[in-house]
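Just add 1 to wherever you are in the sequence shown, counting from 1, and you've got my numbering. Okay, so here's the structure we're looking at.
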Amino acid sequence: MTAFREVAEAEASGDIAAVYEEIRRTYAVPYVSSLFRHLAVYPGLLSWAWRALGPALVSGGLQQLAWRRVDTSGLPALPPLTRWTLAGLGVDAAGLGAIRTVCRSFARVSPVNLVVAACLARLLGQDRAGGEPPAALLEPAALPEPLPRMPGMAPAEAMTPETQAVLATFETELAGEAFVPGLYRILARWPDFLAHLAATLGPLLRDPAVLAACEGIADRITAVAPSVLAALEEPSAPAPLTAEEAAAVLSAIRTYRGTSPQMVGFGTLILNALPAGGVNAPGAPSSPSRRRR
Numbered sequence: 002m003t004a005f006r007e008v009a010e011a012e013a014s015g016d017i018a019a020v021y022e023e024i025r026r027t028y029a030v031p032y033v034s035s036l037f038r039h040l041a042v043y044p045g046l047l048s049w050a051w052r053a054l055g056p057a058l059v060s061g062g063l064q065q066l067a068w069r070r071v072d073t074s075g076l077p078a079l080p081p082l083t084r085w086t087l088a089g090l091g092v093d094a095a096g097l098g099a100i101r102t103v104c105r106s107f108a109r110v111s112p113v114n115l116v117v118a119a120c121l122a123r124l125l126g127q128d129r130a131g132g133e134p135p136a137a138l139l140e141p142a143a144l145p146e147p148l149p150r151m152p153g154m155a156p157a158e159a160m161t162p163e164t165q166a167v168l169a170t171f172e173t174e175l176a177g178e179a180f181v182p183g184l185y186r187i188l189a190r191w192p193d194f195l196a197h198l199a200a201t202l203g204p205l206l207r208d209p210a211v212l213a214a215c216e217g218i219a220d221r222i223t224a225v226a227p228s229v230l231a232a233l234e235e236p237s238a239p240a241p242l243t244a245e246e247a248a249a250v251l252s253a254i255r256t257y258r259g260t261s262p263q264m265v266g267f268g269t270l271i272l273n274a275l276p277a278g279g280v281n282a283p284g285a286p287s288s289p290s291r292r293r294r
């Protein structure tokens with residue numbers, strides 16, 4: 002497999018940089034997820050996607066629909082961690098706060114990405130018959146307070162071979178390219194903590210029952226895509242993609258459908274395993290299962 006292709010935030014300019022800024026604002030997180038960084042590789046696609054779906058994000062309505070549909074109750078809990086255990090894994094008080102922010106960020110972003118990806122798949126001609134009828138109203142909603150800036154991804158050149166091997170246990174495939182979800186690439190800053198996750202969370206990544214539960218999380222969230230699209234205008238022009246590129250984008254979207262519910266669920270499981278600061282469900286403050294942070 003080739004390396005994952007993206008337009009990094011630091012490398013973005015022009016229209017891509019402008020859309021990235023809107024994504025950070027409407028997602029209320031200080032970063033742009035890999036879904037959009039990958040779309041930006043295709044000339045004109047990110048701007049086309051933003052023109053099509055941006056109004057639903059600017060209104061806050063899409064996010065609220067996504068967050069209200071999150072239900073991770075079917076996933077098994079991870080063993081709880083004490084502060085002493087974390088200290089033995091190289092996580093001090095500052096590190097604990099940073100890890101909480103990382104998990105909350107992915108739990109906030111991933112449900113929204115699932116809906117965005119489902120809408121894009123429909124706009125690109127796939128899965129138009131699936132999902133619920135457009136009954137849920139896409140109503141404007143206030144955006145939550147932005148989450149604090151979280152640590153960047155651990156540089157590969159700074160990792161030991163042992164940490165690189167541990168990180169590889171979380172690897173998946175995105176449109177034929179090797180890809181490790183950003184959650185784990187950030188948590189690699191704490192190598193012993195990442196190794197602990199590989200031992201406790203790693204088996205869940207390959208457990209058929211857990212993967213089926215994650216698929217159920219995705220089904221419940223993406224079912225609102227018809228409601229979102231019904232409230233928006235049809236794009237005035239087709240996506241700027243060749244048939245081959247469209248197939249590659251749809252393949253990437255299918256991968257995100259697999260990894261995003263895992264980020265929702267597993268990010269929440271990690272957060273709930275941490276001492277004094279877990280939550281019952283991921284998402285935004287206005288999620289029914291978690292109104293306040």
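Ideal Cβ placement from N, Cα and C applies to all residues, glycine included. In this text, all values refer to a predicted model and were calculated from it rather than measured experimentally.
- Thr-243 has its alpha-carbon roughly 44 Å from the corresponding atom of Leu-79.
- Under DSSP, Ala-29 forms no beta bridge with any residue.
- Ala-226 is not a Cβ neighbour of Arg-70, given a cutoff of 8 Å.
- When Pro-204, Tyr-32, Val-20 and Leu-272 are compared, the shortest CA-CA separation from Met-154 is found for Tyr-32.
- Around the C-beta of Arg-150, fewer than 16 other C-beta atoms lie within 10 Å, and the residue is accordingly described as exposed.
- Residues of the same chain with a CB within less than 7 Å of the CB of Tyr-257, apart from the 5 flanking positions on each side, are Leu-36, Asn-114 and Ala-118 in chain order.
- Cα atoms of Leu-212 and Met-160: separation of roughly 29 Å, rounded to the nearest angstrom.
- When DSSP states are grouped into helix, strand and coil, Thr-161 belongs to the coil group.
- Shown here for Arg-190: same chain residues with a beta carbon closer than 7 Å to its own, the five before and five after excluded, namely Pro-152 and Ala-155 in chain order.
- Assignment of beta-bridge partners to Phe-180 by DSSP yields Thr-173.
- Under the three-state reduction of DSSP output, Pro-204 falls in the helix class.
- Annotation for Arg-123: the continuous alpha helix (DSSP H) segment containing it runs 94-124.
- Just so you know, the alpha carbons of Gly-217 and Ser-74 end up roughly 11 Å apart.
- Per the C-alpha coordinates, the member of Leu-40, Val-103 and Ser-48 positioned closest to Asp-16 is Ser-48.
- Segment contact: the segment 49-64 against the segment 83-103, fewer than three CB-CB distances shorter than 8 Å; contact not assigned.
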